[in-house]
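Let me begin by presenting the structure, written as structure tokens, before commenting on it.
Protein chains: 2
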Amino acid sequence: MAAPTRRQPTILTVAEHAGVSRMTVSRVLSGGKNVRPELVERVHASVAALGYRRNEQARSLRPGQRSGLIGMAITNVANPYYGEFVLGADEVVSGSGRGLLIGSTSEDEDKERLLIADFIGRQVEGLIVVPTGARRHLLPAALGGVPLVLASRAVAGVRADTVLVADVQASYDQVSALIAAGHRRIGFLGTMTSVFTGQRRYEGFRLAHEDAGLELDEDLVLVGQQDVESAKAAMESLLAREDPPTAVFCANNRNAIGAVRALLGTSRRKRGARPTALVSFDNFELADVLGIPVTIIDHDARDLGRQAASMLIARLDGADEGLPQTVELPTRTLDYGGTQI
Amino acid sequence: MAAPTRRQPTILTVAEHAGVSRMTVSRVLSGGKNVRPELVERVHASVAALGYRRNEQARSLRPGQRSGLIGMAITNVANPYYGEFVLGADEVVSGSGRGLLIGSTSEDEDKERLLIADFIGRQVEGLIVVPTGARRHLLPAALGGVPLVLASRAVAGVRADTVLVADVQASYDQVSALIAAGHRRIGFLGTMTSVFTGQRRYEGFRLAHEDAGLELDEDLVLVGQQDVESAKAAMESLLAREDPPTAVFCANNRNAIGAVRALLGTSRRKRGARPTALVSFDNFELADVLGIPVTIIDHDARDLGRQAASMLIARLDGADEGLPQTVELPTRTLDYGGTQI
DNA sequence: CTGAAAGCGCTTACAG
DNA sequence: CTGAAAGCGCTTACAG
Chain C
0 MAAPTRRQPT ILTVAEHAGV SRMTVSRVLS GGKNVRPELV ERVHASVAAL GYRRNEQARS
60 LRPGQRSGLI GMAITNVANP YYGEFVLGAD EVVSGSGRGL LIGSTSEDED KERLLIADFI
120 GRQVEGLIVV PTGARRHLLP AALGGVPLVL ASRAVAGVRA DTVLVADVQA SYDQVSALIA
180 AGHRRIGFLG TMTSVFTGQR RYEGFRLAHE DAGLELDEDL VLVGQQDVES AKAAMESLLA
240 REDPPTAVFC ANNRNAIGAV RALLGTSRRK RGARPTALVS FDNFELADVL GIPVTIIDHD
300 ARDLGRQAAS MLIARLDGAD EGLPQTVELP TRTLDYGGTQ I
Chain F
0 MAAPTRRQPT ILTVAEHAGV SRMTVSRVLS GGKNVRPELV ERVHASVAAL GYRRNEQARS
60 LRPGQRSGLI GMAITNVANP YYGEFVLGAD EVVSGSGRGL LIGSTSEDED KERLLIADFI
120 GRQVEGLIVV PTGARRHLLP AALGGVPLVL ASRAVAGVRA DTVLVADVQA SYDQVSALIA
180 AGHRRIGFLG TMTSVFTGQR RYEGFRLAHE DAGLELDEDL VLVGQQDVES AKAAMESLLA
240 REDPPTAVFC ANNRNAIGAV RALLGTSRRK RGARPTALVS FDNFELADVL GIPVTIIDHD
300 ARDLGRQAAS MLIARLDGAD EGLPQTVELP TRTLDYGGTQ I
């Protein structure tokens, strides 16, 4: 038998059942201050008997009340990464007594715009967005004063609290380490150049060359790979060159896994006497047991979610009323022999 | 400068700006039927000028209106799995014009109860739950008629639409294949025995032995491993036996990855002349390149999310008013030499 | 085609 | 300590 959609009891139902006014019920529900203990008792009994649950939508309609909702727009790359990100944000959001309304943009600017409009219509108190890059619907005028935190990526011209990973610094450090270890021809496998993190990681790559006085060979830079298959093909094309790179920097783990697959599918003779060293921005499971020298630039996606949510909650609770801030989360290096030559 | 939290325009603000009544604005907002074209024009102009956005909370307060919210409670195992699950559900839910309210229970029954109470207070139209196993707060009386879909796991005594993976059948098939290939001592690495999927996968394991007339050695059954570290330790203890198993069935990918790590960390001499064959329930990346014979029982977590959401939406839209249904999603086998001996 | 009235479920003053 | 009145932003009849 399908569950009957019977009418939910309201505050009036409870009031009548308990023989008091709606106000008394309301008072009991919000703590029971200034109510005779006997009535508190009676109201609680009625609430239990009727299975009453306060309608939060009606409650939040009153001025000064908050919806208790945070809108979160993520990009849904084919990457387990964002699951962790959501969980971290949820920790903080639910800890503040609020709920997380979530939607995916699939890197589509129109979807992002519609999703944010929908969130605002639903009276979210704040927004956490992994932005596609479009600017207009993130401007204060479009948001109608709803606080915004950007995560993973910044958007030029949008002044908002932002949590980033130390993309440039970490990439710079690891590429510099490769150069210091003697590598002179270093490949780059990256995502679409329009992606903020991709640009930043390439910037670190480029700066490391510049500061070492090493000329960067643009022929070894392959971008636009968004999945493992295309990354594998890109790596194979690098390996097939007359003078292949001795190390490859992978700007995300999709590219790193593609690179690993290409290396494992290429005979040792073909890929040279020495193994090609890899650096992967983003961790991936089993990286340490592949027998391929790889250095991982790791960061905690869950912590990214926590930080973004914390910044937002601080704004909502008035704990932070200063200028928009940008926080860069540090990375951690896991070395499985990647910088050797 | 922090974004000013100015008062949002209401339908009345728009009405005054356009020089019409609130009703006319309301009509225009809901399609513009029976309104003079000129007024439709004027209202749209005012909406744009004021940046007005309809308050969905107020709208849904009216009887007969729906909140447009679906509550989703997941368990947040340390597994990328659930990110995919959420994304699949979101596809369907947002496709129906609704939004996904999400929370994590961390396998905690109390958190689940509170989360569901919160969802109901927020007037969700329906619930998708990966249940911890507690029964009471999932009964129709507790839900007040809000439709429920269980995902991944069933709960004894709770009659609700349920989407499962074909745990028993797939496990049975793969263990039977191991036995047919000549394996006589097969290990089992599993999660907590309280977990529904763990029980089901063990049941398939047991039935395969029974039907083959092969006695199951309880000593080779190790359960309770919830992460890679403990799984690795469990596998090591299996390998250290005098008469180690020739194959091991892993009830989820955490256990499989632990097993892989144990095998790769054990010298070939110690682990015998032939490699230990593995079966993993759940896929994991790079399984095919490890040089370890492994058979994967794969299923699409995103599809699980889609199915759960579809069943719920069908109930909400009245497309399905029959008895609660249970759907078992099929699995796919990826064979990287796991059944060989 | 248009609007004044009533009410969804709740809470904030205000009055006792 | 308790309650009648008013109103949050919207939409559903009802009347013109």
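Just so you know, the protein sequences line up as chains C and F, in that order. According to numbering that gives the first Met the number 0, the first sequence is numbered sequentially starting from 0. According to numbering that gives the first Met the number 0, the second sequence is numbered sequentially starting from 0. Beta carbons: idealized from backbone N, C-alpha and C, even for Gly.
DSSP puts residue 150 of chain F in a beta bridge; with which residues?
F:162
Hey, residue 146 of chain F and residue 124 of chain F: beta-carbon distance below 9 Å or not?
yes
For my contact list, residue 255 of chain C and residue 283 of chain C are in at a C-beta cut-off of 8 Å; report their separation, rounded to the angstrom.
6 Å
Do residue 166 of chain C and residue 205 of chain C count as a contact pair if the criterion is CB distance below 9 Å?
no
Show which residues of chain F have a CB atom less than 7 Å away from the CB atom of residue 81 of chain C.
82
Kindly indicate which residue of F:38, F:96 and F:247 has the alpha-carbon position closest to the one of residue 291 of chain F.
F:247
State the CB to CB distance for the pair residue 99 of chain C and residue 102 of chain F, rounded to an integer number of angstroms; the pair is presumed to be in contact (CB under 8 Å).
7 Å
Specify, as a first and last residue, the run of the alpha helix (DSSP H) that residue 21 of chain C falls within.
21–28
What separation, rounded to the nearest whole angstrom, lies between the Cα atoms of residue 109 of chain F and residue 295 of chain F?
34 Å
Residues of chain C with CB closer than 9 Å to the CB of residue 247 of chain F, please, in chain order.
Near residue 247 of chain F there are no residues of chain C at all, since even the closest Cβ is about 17 Å away, more than 9 Å.
Taking the beta strand (DSSP E) that residue 185 of chain F belongs to, which residues open and close that run?
185–188
Any chance you could list the beta strand (DSSP E) runs of at least 3 consecutive residues sitting entirely within the segment 124–149 of chain F, in chain order?
125–128
With DSSP collapsed to three states, give me the class of residue 17 of chain F.
helix
Using CA atoms only, rank isn't needed, just tell me which of C:150, C:151, C:154 and C:119 is closest to residue 144 of chain C.
C:119
Residues of chain F with a CB under 8 Å from the CB of residue 52 of chain C: which are they?
116, 119, 120 and 143
To which residues of the same chain is residue 153 of chain C closer than 6 Å at the C-beta, ignoring the five residues directly before and after it?
161
Identified DSSP bridge partners for residue 297 of chain C:
C:331
Got a sec, what are the start and stop residues for the alpha helix (DSSP H) residue 344 of chain F sits in?
The structure shown does not extend to residue 344 of chain F, since chain F is modelled only from 0 to 340, so the question has no answer here.
For chain F, is any of its Cβ atoms less than 9 Å away from the one on residue 334 of chain C?
no
Can you tell me where the beta strand (DSSP E) holding residue 101 of chain F begins and where it ends?
98–103
Please confirm whether residue 91 of chain F and residue 303 of chain F have their CB atoms less than 9 Å apart.
no
Minimum Cβ-Cβ distance from residue 148 of chain F to chain C less than 9 Å
no
So which residues of chain F does residue 89 of chain C contact, with C-beta pairs closer than 9 Å?
75, 101, 102 and 103
Pairwise C-alpha distance: residue 61 of chain C and residue 54 of chain C
12 Å
Within 10 Å of its beta-carbon, does residue 87 of chain F have 16 or more other beta-carbons around it, so buried, or fewer, so exposed?
buried
At a CB-CB cut-off below 8 Å, which residues of chain F make contact with residue 203 of chain C?
Under the 8 Å cutoff, chain F gives no residues; its nearest Cβ is about 25 Å from residue 203 of chain C.
Looking at the strands, I want to know which residues DSSP matches up with residue 325 of chain F.
F:161
Give the DSSP-derived three-state secondary structure of residue 155 of chain F in the structure shown.
coil
For the segment 22–52 of chain C, enumerate the residues whose C-beta is nearer than 7 Å to any C-beta of chain F, in chain order.
50 and 52
By DSSP, does residue 44 of chain F sit in helix, in strand, or in coil?
helix
Work out the CA separation of residue 245 of chain C and residue 182 of chain C for me, nearest whole Å.
6 Å
Apply the 10 Å Cβ neighbour rule to residue 37 of chain F and answer buried if 16 or more other Cβ atoms are within range, or exposed otherwise.
exposed
Taking the DSSP output, what are the residues bridged to residue 278 of chain C?
C:248 and C:294
Determine the extent of the alpha helix (DSSP H) in which residue 82 of chain C is found, giving its start and end residues.
80–94
Alpha carbon to alpha carbon, what distance is there between residue 242 of chain F and residue 188 of chain F?
17 Å
Does residue 32 of chain C pass the burial test, meaning 16 or more other C-beta atoms within 10 Å, or should it be called exposed?
exposed
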